[in-house]
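The letter at position 317 of the sequence shown is residue 317 when you use UniProt numbering, and the numbering goes up by one with no holes. Every residue, glycine too, gets a C-beta built ideally from N, C-alpha and C.
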Amino acid sequence: MKLLSVTLKHFKPYWRGLLLAFGCSLIGGAFTVIPPILAGKLVDEILPNKMTDMMGWLVAGVFFAFLFKIVFESLQEFIQVQIGLDVITDMQLRAFGRLHKTPMSFFTTTPRGDMLYRLTHDVEAVQNLNNTVIPRFIQQVVSAVAAFIAVFALYWPVAIVMFAVFAIYLYPSFKLGRTMRKMSAVQRDMSADIYHHLQESIESTRLVRTFQTQNREVQTQDKKLTAWKNFSIRAALIGKVNWRLGNLFNIATPGVVMVVGGLAVWNHSISVGTLVACLGFIPTMFFPIRSLAENALVIQQAIPALQRIYEYFDLPVEHEENLPKMGDIRGDIKVDDLWFRYPDKEEYVLKGVSLTMEAGQHIGIVGTSGGGKSTLIQLLLGLYEPEKGRIEIDQQNLFAYNRNSFRQQVGVVSQETFLLNNTLRMNLLYGRKNATQNELERACEAAGLTDFIAALPEGYETIVGERGLKLSGGQRQRVALARAILRHPALLIFDEATSSLDGETEERVQSALESLIPGRTTITIAHRLVTVRDADKILLLDKGVVAEEGTHDELLSLKGQYYQLYMAQYSELEKERAI
Ligand SMILES: Nc1ncnc2c1ncn2[C@@H]1O[C@H](COP(=O)(O)OP(=O)(O)OP(=O)(O)O)[C@@H](O)[C@H]1O
Ligand SMILES: [Mg+2]
């Protein structure tokens, strides 16, 4: 029922068009009734009275009845296809929009292939329904009802008999429909899973080749496909049973009508012409009813697709959008006793982390891998909510504001760089579409990209490849850096932003960044301690706890974890220099 109400809501804006379409199908249905009635007249009046001059009118009547039927039904189909496409694009956009608002945790737990399948194939299934099945379904219902009324008016016992025969036919078909719906739901889940595996396997082709797992990949796909195939064969068989059942009734109906109608002619209850007309109504009634049963099956099959799309309408939203917007921020940040664990996880990733930084400061965060550094940034961006603790931006609770308005003022270079398969220019301008060429060049200069871009034959217009794969890891990272800088954010966050650069390039980029950093609040996460040596304050995050805190010199003199880390790296540096 919910399914119906959600669907109707989507069709509501187009009610005028739908009404028009329905009107057309009514008129089309009315014309269906004319030919059999004319056939009856032929037998009863025209032939016995030898009214030869009426023959032309009769032929014209049949011809125009069909012509008008076709015209009106085509018109109905056209209107409905248009509305169907409108509705389907609305639905797709709504699901897609919702996906972009749902909490991040959804994306870490849902297979990407499944999301894509819903937004493409499931939408397509519904589209097919909208374009052909439903318009015809309406025509069929209208034609069948019109024919039934006509037969009823001619000789009602025949109508009752016909109705009974069709009811016997329709009942098992509707029963089958329910089974089909369940099977189709399973089939869709299976297809989505196959799609997901295909997509993941193709995307990770480098991994597959380096680990030589091609055969395993193909075998997995084979297993999934075979299971799907066997299941689909069963589903198809049930569909065929329905079809055969239809054939059986195709033979039975005229027989029953002939017996009942023939007896009536015998008893002089009806004329021969009326019997002919009744027989003539069998196809006009039977074909619609038959395809009605088949289309009901198709509709049942498409319902799971619709349900899968609708599930996305109900996804939770990350945050209320009507919260007040955060004005221009200065960059004071206060994190107080933050406790956090990922959804469905037992273990806390952050255990009472606190941090204060004033606008304009540069904070470094270092620590063991898996210590919770990137997680802290995700929370700071409001991508996840803490279980306990506060995050204040300029003395205001971050979670009381529309987080998008805060994120707009932050430039982030995350540990994994995401580039779009587009030109370098489009990738760089991603965060700020209207930046000038001058600003673009300055950002590239700071990120150490100028020489690289100058050496490219197509310069800024070079296509970077799927996920930036045509660039080296370091080049990708520098593009991400320039992209963040170009935003002129009040707060800059670098999560291992220079980790893929060689020592020399890193130093150059670092000093360029430093010229940018004064006056701008910056958080830098780094494994190489030299990267954060000049920071105003360094935090050492270990297993979700701030283990040490202070400037580089203070931390060294503590002779604790930081000191040991630094010594280990320092000797490495020394060795490198000695060679
Ligand atoms: N989306 C997630 N769902 C569940 N657990 C996660 C998720 N992301 C990270 N974790 C876990 O949280 C812990 C902290 O991860 P985090 O990425 O914050 O570490 P990090 O300090 O940034 O490490 P690195 O220096 O290696 O980048 C890890 O144990 C990790 O397994
Ligand atoms: Mg990290």
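From the beta carbon of leucine 558, is the nearest beta carbon of chain C less than 7 Å away?
Of the protein chains in this structure there is only one, and it is not chain C.
Check phenylalanine 340 in the structure and name its three-state DSSP category.
strand
Would you grab the beta carbon distance between isoleucine 363 and aspartate 536 for me? Rounded to a whole angstrom, and I think it's under 8 Å.
7 Å
DSSP-derived helix/strand/coil call for valine 71
helix
Candidates Tyr562, Ala125, Val366 and Ile309: closest to glycine 97 by CA position:
Ile309
I'd like to know whether the C-beta atoms of glutamine 76 and alanine 21 end up nearer to each other than 7 Å.
yes
Between which two residues does the beta strand (DSSP E) holding serine 354 run?
350 to 357
Label isoleucine 202 either buried or exposed according to how many other C-beta atoms from any shown protein chain fall within 10 Å of its C-beta, with 16 as the threshold for buried.
exposed
Any chance you could list the residues with Cβ under 7 Å from a heavy atom of ligand 2, keeping chain order?
Lys373, Ser374, Gln415, Asp495, Glu496 and Ile525
So what's histidine 268 in DSSP terms, helix, strand or just coil?
coil
Along the chain, where does the beta strand (DSSP E) containing histidine 362 start, and where does it finish?
362 to 367
Cβ pair count under 8 Å reaching 3, the region 139 to 148 against the region 236 to 243:
no
Could you tell me the boundaries of the alpha helix (DSSP H) in which valine 410 lies?
Note, valine 410: premise wrong, no alpha helix (DSSP H); beta strand (DSSP E) at 410 to 413.
Under 6 Å: does the beta carbon of glycine 370 sit that close to some heavy atom of ligand 1?
yes
Just list the residues that DSSP pairs residue 623 with in beta bridges.
A question about residue 623 goes unanswered here, because the residues of the chain that appear run from 1 up to 579.
Within the present structure, is the beta-carbon of tyrosine 348 separated from the nearest heavy atom of ligand 1 by less than 6 Å?
no
On the three-pair Cβ rule with 8 Å, is the region 328 to 348 touching the region 141 to 160?
no
Less than 8 Å between C-beta atoms, sequence neighbours within five positions excluded: which residues of the same chain meet that for alanine 293?
Tyr169, Leu170, Ser173, Phe174, Asn242 and Gly246
Please check the pair alanine 125 and alanine 296, which I expect to be a contact at CB under 8 Å, by giving their CB distance rounded to whole angstroms.
Contact flag wrong, Cβ pair sits at about 16 Å.
With a CB to CB cut of under 8 Å and the five nearest residues on each side skipped, what residues in its chain are close to proline 324?
Ala400, Tyr401 and Asn402
So the alpha helix (DSSP H) lysine 388 belongs to, where does it begin and stop?
Where lysine 388 is concerned, there is no enclosing alpha helix (DSSP H), although the beta strand (DSSP E) it sits in stretches over 388 to 393.
Kindly indicate the opening and closing residues of the beta strand (DSSP E) around isoleucine 525.
521 to 525
Using a threshold of 6 Å, is the CB atom of tyrosine 342 nearer than that to any non-hydrogen atom of ligand 1?
yes
Mark glutamine 475 as exposed unless 16 or more other C-beta atoms lie within 10 angstroms of its C-beta, in which case mark it buried.
buried
Let me know the secondary structure DSSP gives valine 545 once reduced to three states.
strand
Any chance the region 468 to 486 sits against the region 409 to 423, with 3 or more Cβ pairs inside 8 Å?
yes
On a Cα-Cα basis, can you pick out the residue from Val366, Val186, Tyr566 and Glu321 that is closest to glutamate 496?
Val366
Return helix, strand or coil for threonine 102, following the three-state DSSP convention.
coil
Do the region 184 to 199 and the region 102 to 115 touch if we need at least three Cβ pairs shorter than 8 Å?
yes
Specify whether the region 348 to 355 and the region 63 to 79 touch according to this definition: at least 3 beta carbon pairs, one from each stretch, less than 8 Å apart.
no
At least 3 beta-carbon pairs within less than 8 Å: the region 268 to 288 vs the region 205 to 221:
no
So, using beta-carbon positions, are leucine 47 and glycine 61 closer together than 7 Å?
no
Minimum C-alpha distance to alanine 65 - residue among Asn422, Phe31, Asp53 and Asn49
Phe31
Within the present structure, is the beta-carbon of threonine 108 separated from the nearest heavy atom of ligand 1 by less than 6 Å?
yes
Please check the pair glycine 372 and glycine 544, which I expect to be a contact at CB under 8 Å, by giving their CB distance rounded to whole angstroms.
5 Å
From what residue to what residue does the beta strand (DSSP E) around leucine 491 run?
491 to 495
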